[in-house]
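Comments concern the structure below.
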Amino acid sequence: MHFSNKALLPSLFAFALAQYGGGTAASSTTSAVSATATSSSSPGVQTVSVGDNNEIVFSPDTITAAVGSSIEFVFFPPIHSVTQSTFDSPCAPFANGTGFWSGPFTTASGRNAKVFTLTVNDTNPIWFFCATPSHCETGMAGVINPS
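Under the working numbering, the first residue of the sequence shown is numbered 494, with each subsequent residue one higher.
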């Protein structure tokens, strides 16, 4: 029996919700990045817009970042997330719940006051996607430090 990725994504999203809980902010740490939800910016931060102008995209979707720098994801309507994945499975959460996940950011209008910040700990590629159903399949994915 063969299942397509599109058939499995809603189940994986539900698993991620169960694993990490719902809400507007979550924190986790992986070997590649440190992740926190914050409401302010710091010097040296690169910003990624998530769903700006009602587009289902990360802008930019490719980032080059030095060790120790931060990536700030800012969220726009209606609902988006940032979830760690891999090159081989860009629309699936990182294995065993060890990757980062922002949780869903629901935004009524304009820019959400809260942001999701990652601190880059090494120069290995960090793949990410939006886990809102159908967003990744339409191209809402990105990478930090592509090889």
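Cβ atoms here follow ideal geometry from the backbone N, Cα and C, with glycine treated the same way. It should be emphasised that the depicted structure is a prediction, and the values quoted were computed from it without experimental measurement.
Spatial neighbours of residue i in its chain, beta-carbon cut-off 7 angstroms, leaving aside the 5 residues before and after
i	result
T555	G635, V636, P639
T631	I549
P553	V541
Supposed close pair residue i, residue j - CB separation, criterion 8 angstroms
i	j	result
T576	F621	6 angstroms
S595	F566	7 angstroms
S574	P597	5 angstroms
T616	V560	6 angstroms
Simplified DSSP state of residue i, which is helix, strand or coil
i	result
E565	strand
T610	strand
A624	coil
T631	helix
P536	Because the pLDDT of P536 is 38, which lies under 50, any placement of that residue in the model is unreliable, and the number read from its coordinates should be weighed accordingly. If DSSP states are grouped into helix, strand and coil, P536 belongs with coil.
Which listed residue (the options) has its alpha carbon closest to that of residue i
i	options	result
P618	R604, F580, G537	F580
A601	S582, F568, C623, D615	F568
P570	G561, G544, S563	G544
I538	R604, N546, C623, L611	Inspection of the sequence shows that residue 538 is occupied by Val rather than by Ile. Nearest C-alpha to V538: L611.
Residue i versus residue j: straight-line alpha-carbon distance, rounded
i	j	result
C629	T599	17 angstroms
T557	F587	21 angstroms
V613	G592	13 angstroms
A585	I564	21 angstroms
N547	N589	32 angstroms
P583	S627	13 angstroms
G603	M633	19 angstroms
Other residues of its chain near residue i: CB distance less than 6 angstroms, five sequence neighbours each side excluded
i	result
I572	P597, T599, T625
Nonlocal neighbours in the same chain, by C-beta distance under 8 angstroms from residue i, ignoring five residues either side
i	result
C623	V543, G544, I549, F551, H573, S574, V575, T576, C629, M633, A634
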